[in-house]
Amino acid sequence: MKIFFSGDFCPNNRVRDLINNEDVSQIFGNLKEVLDSVDYSVVNLECPIEPENKIAINKVGPALSTNEKAIRVLKEAGFNLLTLANNHIKDFGEEGVSSTINCIKKNALDYVGAGFGINEARKIFYIESEVGKIGIINITENEFSTTVNEEYGAYGLDIIDNTYVIKEAKKEADLVIIVYHGGHEGYQLPSPRMKRLFHYFVDCGVDSIICHHSHCFSGFENYNGAPIFYGLGNFSFDWVGLNDNEWNYGYGVFLKVGLGKKIDFEIIPYKQGMKDNPGIELLEETERVIFNEKINFLNTIIDCDDLLVEEFAKLSNSRQIEYEVYMQPYSNRILRGLYRRGLLPSFFSDKKKKVFLNLARCESHRDLLFDYLSKK
1 MKIFFSGDFC PNNRVRDLIN NEDVSQIFGN LKEVLDSVDY SVVNLECPIE
51 PENKIAINKV GPALSTNEKA IRVLKEAGFN LLTLANNHIK DFGEEGVSST
101 INCIKKNALD YVGAGFGINE ARKIFYIESE VGKIGIINIT ENEFSTTVNE
151 EYGAYGLDII DNTYVIKEAK KEADLVIIVY HGGHEGYQLP SPRMKRLFHY
201 FVDCGVDSII CHHSHCFSGF ENYNGAPIFY GLGNFSFDWV GLNDNEWNYG
251 YGVFLKVGLG KKIDFEIIPY KQGMKDNPGI ELLEETERVI FNEKINFLNT
301 IIDCDDLLVE EFAKLSNSRQ IEYEVYMQPY SNRILRGLYR RGLLPSFFSD
351 KKKKVFLNLA RCESHRDLLF DYLSKK
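For the sequence shown, the positions run 1 to 376 when UniProt numbering is used.
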């Protein structure tokens, strides 16, 4: 069985116009030939269907959305399963999640990774095939989208609960795949923590892991026979001012599942949101050579824990000022800009830093801190 996995689909900017015209050929270009050649296709829907009230939630970051035509376009392109566990699916509240699920059902497509309450959101999706039963688990890192108690939302990272779900899937399925949404935006490597987490999931019985979220592609590795892809990059995410950098390049994964849990794979690199074409295009031969060189470089780092730690330290140092700003009482863009330039003082003393460290690091303190910060 051949399954195609792709990254973040958010029909934004120029692609929104193509969606409104339901222009499948312009959006997917020559990638459509790939979609036509597989048995099953999976895509991450990185935004909800706008509900009638069109009221975005109060959150950090942009509120993204699309309309029902996007679902129709995905269906016509050949997609079967939409993964919903991501950080934007709840941008328009519970109504947005509900309207998205209803729209997917209306168009006779399947979904995984979100629902009403944790029991629905954590449900495993099963694919019946000639090579056996395949279980798909969809998990996102916790931001403003994950569900708690009895409300609509996405299935979040909770290692204990995730382990139970993996065990449940192993009882029912011949093969278990996790589609995971997380990582550091704009960073082309997993953190050392993420690598350990994914290895743990494989040790629990997962047969492959597909990751997206960082808006740039990462490398991959084979751990104990399980292919792990640390970042597919954007699938379709047209953004103003970003027309030829890491944002615009990504890849799909062709998983070829055979009898006896044998998994082969092929990566399908493409570009999207370019200056002269907002749609998706397969890379040409010369572009593939450059792409493969970059992938091999990333794989070398992923394969070596010391190099991975070293690169992550560079990332941490480069973003230190960003997190310093978060800790300051400056609440608007102008004041934050002045602080970045050293024109306003820091109120974050070494003693205060140790207090924050203890609150975030100690599990019992963190329980109460999260509860306090979550209250409206």
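Here a beta-carbon is modelled for each residue, glycine too, at the ideal position from N, C-alpha and C. All values derive from a computational prediction rather than experimental measurement.
Helix, strand or coil: which one does DSSP assign to I27? If DSSP states are grouped into helix, strand and coil, I27 belongs with the helices.
Just to confirm, are I280 and L31 a CB contact at a threshold of 8 Å? Yes.
Could you compute how far the alpha carbon of F220 sits from the alpha carbon of S25? Between the alpha carbons of F220 and S25 lies a distance of about 30 Å.
By Cβ distance below 7 Å, which residues in the same chain neighbour C103 in space, the five residues on each side in sequence not counted? Hits under 7 Å: I49, E68, I71.
Complete runs of the alpha helix (DSSP H) confined to the region 163-207 [at least 4 residues]: If we require 4 residues or more, the alpha helix (DSSP H) runs fully inside the region 163-207 come out as 192-203.
Pick from D207, N107, C216, Y230: whose alpha carbon is nearest that of K195? Here the closest residue by C-alpha is Y230.
The region 38-54 contacting the region 92-102, beta-carbon criterion three pairs below 8 Å: Touching, yes, given that three or more Cβ pairs across the two stretches are closer than 8 Å.
According to DSSP, simplified to helix, strand and coil, what is M274? In the structure shown, M274 sits in a strand (DSSP, three-state: E or B).
Starting from S99, trace the alpha helix (DSSP H) in both directions and tell me its first and last residue. Per DSSP, S99 belongs to the alpha helix (DSSP H) from 93-106.
Going by the DSSP bridge assignment, what does C304 pair with across the sheet? DSSP lists no partner for C304.
7 Å CB neighbourhood of V298 in its chain, flanking five on each side removed: Reading off the sequence, residue 298 comes out as Leu, not Val. Excluding positions up to five away in sequence, the list reads Q188, L189, S218, G219.
If I'm right that A154 touches T163 with Cβ under 8 Å, what's the distance once you round it to whole angstroms? About 18 Å separates the beta carbon of A154 from that of T163, a gap too long to meet the 8 Å contact definition.
At 3 residues or longer, and completely inside the region 43-89: list those beta strand (DSSP E) runs for me, N to C. If one requires a minimum length of 3 residues, the beta strand (DSSP E) runs lying completely within the region 43-89 are 81-83, in chain order.
Please state if the CB of A108 and the CB of I134 are separated by a distance shorter than 8 Å. Taking 8 Å as the Cβ cut-off, I134 and A108 do not qualify as a contacting pair.
Quick check on Y372: buried or exposed, where buried means 16 or more other Cβ atoms within 10 Å of its Cβ? Its Cβ having fewer than 16 others within 10 Å, Y372 is exposed.
State yes or no: is the C-beta of G113 within less than 8 Å of the C-beta of T66? Cβ distance not < 8 Å, so G113 and T66 don't count as in contact.
Residues in its own chain within less than 7 Å of P227 by CB, not counting five upstream and five downstream? S208, F220, I263, F265, listed in sequence order.
Integer-rounded CB distance, given that D161 should sit under 8 Å from R122: Yes, they are in contact, since the Cβ atoms of R122 and D161 sit about 7 Å apart, within 8 Å.
So what does I3 bridge to, in DSSP terms? Answer by DSSP bridge pairing, in chain order: Y40, L255.
Spatially closest choice to T140 from G78, E311, E130, D8, by CA coordinates: Among G78, E311, E130, D8, the Cα nearest to that of T140 belongs to D8.
So within the region 108-151, which uninterrupted alpha helix (DSSP H) runs reach at least 4 residues, ignoring any that extend past its ends? Segments of the alpha helix (DSSP H) lying fully in the region 108-151: 117-121.
Cβ neighbours of N224 in the same chain (closer than 7 Å, five flanking residues each side left out): Excluding sequence neighbours, N224 sits near V202.
Sorted by chain position, which residues of the same chain lie with C-beta nearer than 6 Å to L18's C-beta, five sequence neighbours on each side aside? The residues are Q26, I27.
Under the assumption that N53 contacts E94 (Cβ atoms under 8 Å), give the Cβ distance between them as a whole number of angstroms. No, N53 and E94 are not in contact; Cβ-Cβ is about 11 Å, not under 8 Å.
Among P192, V176, N222, which one has its Cα closest to the Cα of V206? If we check each option's Cα against that of V206, V176 comes out closest.
Starting from F370, trace the beta strand (DSSP E) in both directions and tell me its first and last residue. No beta strand (DSSP E) contains F370, which is instead part of the alpha helix (DSSP H) from 363-374.
C-alpha gap between P278 and Y270, whole angstroms: For P278 and Y270, the gap between their C-alpha atoms comes out near 12 Å.
Using a Cβ-Cβ cut-off of 6 Å (strictly less than) and excluding sequence neighbours within five positions of E150, which residues of its own chain qualify? Around E150, the same chain offers G117 as residues with beta carbons nearer than 6 Å, after the five sequence neighbours per side are excluded.
Q320, buried or exposed, once every other Cβ within 10 Å from all chains shown has been counted against 16: Burial call: exposed.
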